[in-house]
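In what follows, a single structure is set out as structure tokens and then discussed.
Number of protein chains: 2
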Amino acid sequence: MKLMAVTNDRFKVDHLTKIMIDTEPFVDYFIIRERTKTANEYIELITALTEAKVSKEKLIVNDRVDVAVVSNIQRVQLPGHGLSLSQVKGNFPQLLAGQSVHSAMEAERASYAGADWLLYGHVFKTNCKRGVEPRGLAELHEISKKVTVDLYAIGGIKPEHIEMLHDIGINGIAVMSTIFESNDPVSAAKEFYEAFQKIEGAEF
Amino acid sequence: MKLMAVTNDRFKVDHLTKIMIDTEPFVDYFIIRERTKTANEYIELITALTEAKVSKEKLIVNDRVDVAVVSNIQRVQLPGHGLSLSQVKGNFPQLLAGQSVHSAMEAERASYAGADWLLYGHVFKTNCKRGVEPRGLAELHEISKKVTVDLYAIGGIKPEHIEMLHDIGINGIAVMSTIFESNDPVSAAKEFYEAFQKIEGAEF
Numbered sequence: 001m002k003l004m005a006v007t008n009d010r011f012k013v014d015h016l017t018k019i020m021i022d023t024e025p026f027v028d029y030f031i032i033r034e035r036t037k038t039a040n041e042y043i044e045l046i047t048a049l050t051e052a053k054v055s056k057e058k059l060i061v062n063d064r065v066d067v068a069v070v071s072n073i074q075r076v077q078l079p080g081h082g083l084s085l086s087q088v089k090g091n092f093p094q095l096l097a098g099q100s101v102h103s104a105m106e107a108e109r110a111s112y113a114g115a116d117w118l119l120y121g122h123v124f125k126t127n128c129k130r131g132v133e134p135r136g137l138a139e140l141h142e143i144s145k146k147v148t149v150d151l152y153a154i155g156g157i158k159p160e161h162i163e164m165l166h167d168i169g170i171n172g173i174a175v176m177s178t179i180f181e182s183n184d185p186v187s188a189a190k191e192f193y194e195a196f197q198k199i200e201g202a203e204f
Numbered sequence: 001m002k003l004m005a006v007t008n009d010r011f012k013v014d015h016l017t018k019i020m021i022d023t024e025p026f027v028d029y030f031i032i033r034e035r036t037k038t039a040n041e042y043i044e045l046i047t048a049l050t051e052a053k054v055s056k057e058k059l060i061v062n063d064r065v066d067v068a069v070v071s072n073i074q075r076v077q078l079p080g081h082g083l084s085l086s087q088v089k090g091n092f093p094q095l096l097a098g099q100s101v102h103s104a105m106e107a108e109r110a111s112y113a114g115a116d117w118l119l120y121g122h123v124f125k126t127n128c129k130r131g132v133e134p135r136g137l138a139e140l141h142e143i144s145k146k147v148t149v150d151l152y153a154i155g156g157i158k159p160e161h162i163e164m165l166h167d168i169g170i171n172g173i174a175v176m177s178t179i180f181e182s183n184d185p186v187s188a189a190k191e192f193y194e195a196f197q198k199i200e201g202a203e204f
């Protein structure tokens, strides 16, 4: 299982950089999703992370494909309102692209269109999506049976859900507020890391 | 002299499309500057314009270089907070890029870095920049003597300013609210067109 930490667009670049550097040992990928930040601020963040030896392999740029290209970052996350997979794959064949999906139909289409991973949500109640009914696990399980591409779940996921998600074939999870709004982001990330370890240990 | 019409991020895609199609005969370039719109909405707008036979040669995408690339639009406008000229020219050599500048120093740097045109402002008082002192014409004139690249002025420009701007070596102007917040955008655009004609007629 892998952990994606999705930034929440609430911090200035220097504070965000600090949290990302601190949690980095326990995080597989960061999705940089700072919708109110400028391209310049994205670059500033990426430069600060790179200088602190955070690997670009761990960075995924949300939506701003141009920022990924000029920063030499290979991974982008495409939101539903963003550029399409075919536009991105057609014009930037060097990129790996994940697609955010909200239904089995979207998941199958994205898989067919060449998504390198899928991010499905939100599965549980979360403060980030107040008033929007969570989608639960049934459709997620359905998707995991239908597609072979890596499948991540997002939305209110806690360390105690990891085993169950692993059991229905999920490859990883993504969290936002659980890390970025925690008083102790490092411990929050570490708890997921330890939950993964437990499963992987159990496999041997 | 050339006219750039800069969109103001206040209309839905269908209404914006209509104004752009209606004014197009009198506009040399549209800078699509819709900061709160998604990449998807940019594409929707560009597709609608193209279907209405608005030439892509007239379209300039502000900030979202990725949108320009996937839409096969050759021109981008780079705001001060956006990707740098060297990042864009280095990664997307097929693009023509204009740089927005606010001083003679920025203008010289951008010219040196390979900007295909400069947009300097704001020169006069405008509702779009309330509370920010206009820069006036002195520095603009300075810039026009120093750089050879095409130089556009923006900010509160009216048709009666055209002759004077032409006389200090300005190649074109850009307007936002004068067209997009006018009750009669077509007449507003046409008035600039006629002011240009008058000058060009006087040259023969």
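As they're listed, the protein sequences go chains A and B. Position 152 of the first sequence, counted from 1, bears residue number 152 in full-length UniProt numbering, the numbering being contiguous throughout. Position 188 of the second sequence, counted from 1, bears residue number 188 in full-length UniProt numbering, the numbering being contiguous throughout. Yeah, the Cβ is synthetic: ideal placement off N, Cα and C, and Gly gets one too. Every value quoted in this text rests on a predicted model; they were computed, and no experiment measured them.
query = From the beta carbon of Asp66 of chain B, is the nearest beta carbon of chain A less than 8 Å away?
reply = Numbered from 1 along the second sequence, position 66 holds the residue referred to as residue 66 of chain B. Chain A, which has a Cβ nearer than 8 Å to the Cβ of Asp66 of chain B, makes this yes.
query = Should His166 of chain B be labelled buried (16 or more other beta-carbon atoms within 10 Å of its own) or exposed?
reply = Along the second sequence, one-based indexing puts residue 166 of chain B at 166. It is buried - the Cβ of His166 of chain B has at least 16 other Cβ atoms within 10 Å.
Chain B within 8 Å of Asn62 of chain A, Cβ atoms only = In the first sequence, counting from the first residue as 1, residue 62 of chain A sits at position 62. False, the Cβ-Cβ gap to chain B never drops below 8 Å.
key: Beta-carbon neighbours of Gln87 of chain A, restricted to chain B and to distances below 8 Å   = Position 87 of the first sequence, counted from the first residue, corresponds to residue 87 of chain A. Result: Ile43, Val70.
ask   = Are the beta-carbon atoms of Gly114 of chain A and Lys89 of chain A separated by less than 8 Å?
value = Residue mapping note: residue 114 of chain A aligns to position 114 of the first sequence, counting from 1. Residue mapping note: residue 89 of chain A aligns to position 89 of the first sequence, counting from 1. Yes, Cβ-Cβ distance for Gly114 of chain A and Lys89 of chain A is below 8 Å.
query = Closest Cβ-Cβ distance between Ala48 of chain A and chain B: below 8 Å?
reply = If you number the first sequence from 1, residue 48 of chain A lands on position 48. By this cut-off, Ala48 of chain A is not an interface position.
query = Taking Cβ-Cβ distances below 8 Å as the criterion, which residues of the segment 3-34 of chain B are in contact with chain A?
reply = When C-beta distances to chain A are compared with 8 Å, every residue of the segment 3-34 of chain B stays at or above that value.
Complete alpha helix (DSSP H) runs within the segment 147-190 of chain B (minimum length 4 residues, chain order) = 162-167, 177-180
query = What residues in the segment 99-114 of chain A have a beta carbon less than 9 Å from any beta carbon of chain B?
reply = none
task = Report yes if the C-beta distance between Gly172 of chain A and His122 of chain A is below 8 Å; otherwise report no.
result = In the first sequence, the residue the question calls residue 172 of chain A occupies position 172. In the first sequence, the residue the question calls residue 122 of chain A occupies position 122. No, Cβ-Cβ distance for Gly172 of chain A and His122 of chain A is not below 8 Å.
ask   = Beta-carbon of Ala97 of chain A versus every beta-carbon of chain B: anything under 8 Å?
value = Stepping through the first sequence from its first residue, residue 97 of chain A is reached at position 97. Not one chain B Cβ lies under 8 Å of Ala97 of chain A.
request  = With DSSP as the reference, label Ile32 of chain B as helix, strand or coil.
outcome  = Within the second sequence, numbered from 1, the residue matching residue 32 of chain B stands at position 32. Ile32 of chain B carries a strand assignment under DSSP once its states are collapsed to helix, strand and coil.
message = DSSP three-state label for Val123 of chain B, please.
response = To locate residue 123 of chain B, count along the second sequence from 1; it is residue 123. Coil.
Span of the alpha helix (DSSP H) around Gly98 of chain A = Along the first sequence, read from residue 1 onward, the residue named residue 98 of chain A stands at position 98. Element bounds for Gly98 of chain A: not the alpha helix (DSSP H) but the beta strand (DSSP E), 96-101.
ask   = Glu191 of chain A: buried (16+ other C-beta within 10 angstroms of its C-beta) or exposed?
value = Sequence index remark: in the first sequence, residue 191 of chain A carries index 191 (1-based). Per the 10 Å Cβ criterion, buried.
query = Taking Leu151 of chain A as the reference, which of A:Tyr193, A:Gln99, A:Glu200 has the closest Cα?
reply = The residue labelled residue 151 of chain A in the question sits at position 151 within the first sequence. When only C-alpha atoms are compared, the closest one is A:Gln99.
request  = Spell out the partners DSSP gives Asn62 of chain B in its beta bridges.
outcome  = Taking the first residue of the second sequence as position 1, residue 62 of chain B is located at position 62. Paired residues: B:Gln77.
ask   = Using the rule of at least 16 other Cβ atoms within 10 Å of the residue's Cβ for burial, across every protein chain shown, is Val69 of chain B buried or exposed?
value = Taking the first residue of the second sequence as position 1, residue 69 of chain B is located at position 69. Counting the other CB atoms within 10 Å of its CB gives Val69 of chain B a total of 16 or more, which places it among the buried residues.
ask   = DSSP puts Met4 of chain A in a beta bridge; with which residues?
value = The residue given as residue 4 of chain A occupies position 4 in the first sequence. Answer is A:Tyr29, A:Ala174, bridged to Met4 of chain A.
Beta-carbon proximity check, Met4 of chain B vs Asp28 of chain B, cutoff 8 Å = Taking the first residue of the second sequence as position 1, residue 4 of chain B is located at position 4. Taking the first residue of the second sequence as position 1, residue 28 of chain B is located at position 28. Contact: yes.
query = How about Leu83 of chain B: is its C-beta nearer than 8 Å to some C-beta of chain A?
reply = By one-based count along the second sequence, residue 83 of chain B stands at place 83. Yes, its Cβ sits closer than 8 Å to a Cβ of chain A.
query = So, are the CB atoms of Thr7 of chain A and Ile32 of chain A less than 8 Å apart?
reply = Locating residue 7 of chain A in the first sequence gives position 7, where the first residue counts as 1. Locating residue 32 of chain A in the first sequence gives position 32, where the first residue counts as 1. Closer than 8 Å, so yes.
message = Is it the case that the segment 79-97 of chain B contacts the segment 64-81 of chain A, given that we only count it when at least three CB pairs across the two stretches are under 8 Å?
response = As far as the Cβ criterion goes, the segment 64-81 of chain A touches the segment 79-97 of chain B, which means the pair count is three or higher.
request  = Express the C-alpha separation of Ala39 of chain A and Pro79 of chain B in angstroms, rounding to a whole number.
outcome  = Here residue 79 of chain B corresponds to residue number 79 of the second sequence, with the count starting at 1. Here residue 39 of chain A corresponds to residue number 39 of the first sequence, with the count starting at 1. When rounded, the distance between both Cα atoms is 10 Å.
task = Measure the alpha-carbon distance for Leu119 of chain B versus Arg10 of chain B and round it to whole angstroms.
result = Counting from 1 along the second sequence, the entry for residue 119 of chain B is found at position 119. Counting from 1 along the second sequence, the entry for residue 10 of chain B is found at position 10. Cα-Cα distance, rounded: 22 Å.
message = I want to see whether chain A comes within less than 8 Å of Thr38 of chain B, judged by CB atoms only; does it?
response = Position 38 of the second sequence, counted from the start, is the residue given in the question as residue 38 of chain B. Output row for Thr38 of chain B: interface = yes.
key: Counterpart residues of Leu118 of chain B in DSSP-defined beta bridges   = Working through the second sequence from its first residue, we reach residue 118 of chain B at position 118. Its beta-bridge partners are B:Gln99, B:Leu151.
query = Does the distance from the C-beta atom of Met1 of chain A to that of Ile199 of chain A stay below 8 Å?
reply = Within the first sequence, residue 1 of chain A is the residue found at index 1, counting from 1. Within the first sequence, residue 199 of chain A is the residue found at index 199, counting from 1. In contact: Met1 of chain A and Ile199 of chain A (Cβ atoms closer than 8 Å).
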